[in-house]
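In this text, residue positions in the sequence shown follow the numbering used here: the first is 15, and each later residue adds one.
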Amino acid sequence: MKTFSGKVAVITGAGSGMGRYLALLLAADGADVCVCDVNEETLNDTVEMLEEYAISVSSHLLNVADKEAIEALPGKVLEKHGKVDLVFNNAGVTTGSHFKDMDEANWDWVMGINLDGVINSTRAFIPHMIDRPEAAVVNTSSIFGMVAVPGQTVYHTTKFAVRGFTESLALEMRDTNPNLQIHCVHPGHIGTNILASARMSDEDFNQEEEGKRPSIFTRNAPKTKQEMGDIFREGGMHPSRAAQIILEGVKNKKSRIFVGLDAKLLDLSQRLFPRHYHKTWALFMPLIMIFRNKKPLKQFG
Ligand SMILES: NC(=O)c1ccc[n+]([C@@H]2O[C@H](COP(=O)([O-])OP(=O)(O)OC[C@H]3O[C@@H](n4cnc5c(N)ncnc54)[C@H](O)[C@@H]3O)[C@@H](O)[C@H]2O)c1
15 MKTFSGKVAV ITGAGSGMGR YLALLLAADG ADVCVCDVNE ETLNDTVEML
65 EEYAISVSSH LLNVADKEAI EALPGKVLEK HGKVDLVFNN AGVTTGSHFK
115 DMDEANWDWV MGINLDGVIN STRAFIPHMI DRPEAAVVNT SSIFGMVAVP
165 GQTVYHTTKF AVRGFTESLA LEMRDTNPNL QIHCVHPGHI GTNILASARM
215 SDEDFNQEEE GKRPSIFTRN APKTKQEMGD IFREGGMHPS RAAQIILEGV
265 KNKKSRIFVG LDAKLLDLSQ RLFPRHYHKT WALFMPLIMI FRNKKPLKQF
315 G
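Structure below.
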């Protein structure tokens with residue numbers, strides 16, 4: 015894809031993190047944007063930030079797990095913007111408990127947003143994008159769609175599935191509609207609000223038993239959910255940098271977009287050591303954490 019200028023882009027989960035910076039960078043490149051989120055306050059903040067760009071903006075308060083709302087979205091986008099060229103299925107959540115301790119409601123919550131949300135949105139938008147001269151569906155999986163850790167069973171279930179869905183769709187489109195690019199995004203650790211918003215309670219952090227701790231992110235032994243959310247946000251690549259890498263990947267037609275050196279090396283580890291990849295991580299993860307770029311892009315600094 016040569017340029018985003020003049021295109022219309024839909025971004026889900028645009029109220030925070032990577033979704034917000036995808037919207038801002040696309041706007042800076044001259045794309046009109048339709049931003050969606052389930053959080054009204056943060057969605058409005060994104061809309062306010064978009065005011066400094068001379069583009070057309072629309073916003074929708076919606077839950078991507080709500081099939082009817084997603085099915086109605088393309089019509090609303092076409093009514094306002096006349097076309098749709100880019101869809102970023104970015105909204106995502108997680109929870110932290112081990113499978114045996116997890117409420118079924120939390121399981122369904124993550125599945126509905128991370129997997130059904132991506133599939134239903136792709137299904138709803140594709141008919142409107144298939145005849146565009148240059149278009150792209152960009153589905154966010156994770157490096158956790160490539161490798162697995164304990165305490166993230168439902169997250170892995172969705173992210174491995176998003177990868178399978180997206181890669182199969184990419185092969186279908188390559189043969190029938192090569193104008194419609196299909197991308198799967200695999201971020202490593204990006205400093206966003208995803209853990210602060212995760213469905214976990216402070217009790218999850220007071221457990222003495224190592225085996226019951228909710229996730230690998232507890233390795234720094236935070237005492238509360240807020241502390242864990244802060245450590246995670248402060249320790250990751252800045253989401254503006256992640257968004258820039260994603261957009262470069264779309265321009266360069268990369269079917270798999272890895273975001274961050276951690277994502278690339280974790281992927282390599284599972285290719286080289288399919289059964290023992292975890293054992294290699296201690297060799298390189300500490301160094302990567304030190305050199306990770308946590309500063310925002312200049313224009314957002
Ligand atoms: N942060 C990371 O390290 C990381 C790593 C790999 C993959 N990811 C993925 O990247 C994507 C973006 O996450 P982020 O890290 O920017 O997190 P974030 O929490 O900062 O942003 C996610 C946004 O999605 C919105 N959202 C949540 N539920 C929604 C729903 N039902 N409908 C609509 N919007 C909803 C939230 O309100 C929030 O604004 C997610 O799919 C996440 O799984 C993140």
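Glycine included, every Cβ here is placed at the ideal spot set by N, Cα and C.
- Taking only the alpha-carbon atoms, compute the straight-line gap between His356 and Ala68 and give it to the nearest angstrom. Residue coverage of the chain in this structure runs from 15 to 315, which leaves residue 356 outside it and unanswerable.
- Query: Taking the alpha carbon of Asn347 as the point to measure from, which residue in Gly250, His142, Val161 has its own alpha carbon closest?
  - Reply: Missing from the structure shown is residue 347; the chain here goes from 15 to 315 and no further.
- Query: Checking contacts by CB at 8 Å: is Val61 closer than that to chain D?
  - Reply: Chain labels in this structure do not include chain D; a single protein chain is all it has.
- As assigned by DSSP and simplified to three states, the class of Ala175: The residue labelled residue 175 in the question sits at position 161 within the sequence shown. Three-state result, Ala175: helix.
- Simplified DSSP assignment, three categories, for Pro228: In the sequence shown, counting from the first residue as 1, residue 228 sits at position 214. Since pLDDT at Pro228 reaches only 48, below the 50 mark, its modelled position is unreliable, and no value is offered.
- How should Ile136 be labelled, buried or exposed, when 16 other C-beta atoms within 10 angstroms of its C-beta is the threshold for buried? What you label residue 136 is simply residue 122 of the sequence shown in a count that begins at 1. For the sequence presented, residue 136 should be read as Thr rather than Ile. Label assigned to Thr136: buried.
- Message: Tell me whether the stretch 171 to 185 and the stretch 78 to 91 touch, counting them as touching only if at least three CB pairs, one residue from each stretch, are closer than 8 Å.
- Response: Short answer: they don't touch.
- Message: Asp51 and Gly316 - do their beta-carbons sit closer together than 8 Å?
- Response: Outside the shown range of the chain, which is 15 to 315, sits residue 316, and nothing can be said about it.
- Cβ contact (3+ pairs, closer than 8 Å) linking the stretch 103 to 117 and the stretch 53 to 70: no
- Query: Straight-line CA distance for Arg270 to Met160?
  - Reply: As a working note, residue 270 is residue 256 in the sequence shown. As a working note, residue 160 is residue 146 in the sequence shown. Taking the straight line joining both Cα atoms gives about 11 Å.
- Message: Suppose contacts are defined by Cβ-Cβ distances below 8 Å. Is Ala256 in contact with Met32 by that definition?
- Response: Numbered from 1 along the sequence shown, position 242 holds the residue referred to as residue 256. Numbered from 1 along the sequence shown, position 18 holds the residue referred to as residue 32. In contact: Ala256 and Met32 (Cβ atoms closer than 8 Å).
- Taking Cβ to Cβ, would you say Asn153 is nearer than 8 Å to Asn77? One-based indexing of the sequence shown puts residue 153 at position 139. One-based indexing of the sequence shown puts residue 77 at position 63. For Asn153 and Asn77, no; Cβs fall outside 8 Å.
- Exposed or buried, which one is Ser229 when buried takes at least 16 other CB atoms within 10 Å? Locating residue 229 in the sequence shown gives position 215, counting from the first residue. Bear in mind that a pLDDT of 49 at Ser229, under 50, signals an unreliable position, so the number given afterwards is only what the model happens to contain. That one is buried.
- Query: Excluding five sequence neighbours on each side, which residues of the same chain lie with their C-beta closer than 7 Å to the C-beta of Leu286?
  - Reply: Here the question's residue 286 lines up with position 272 in the sequence shown. Result list for Leu286: empty, nothing under 7 Å.
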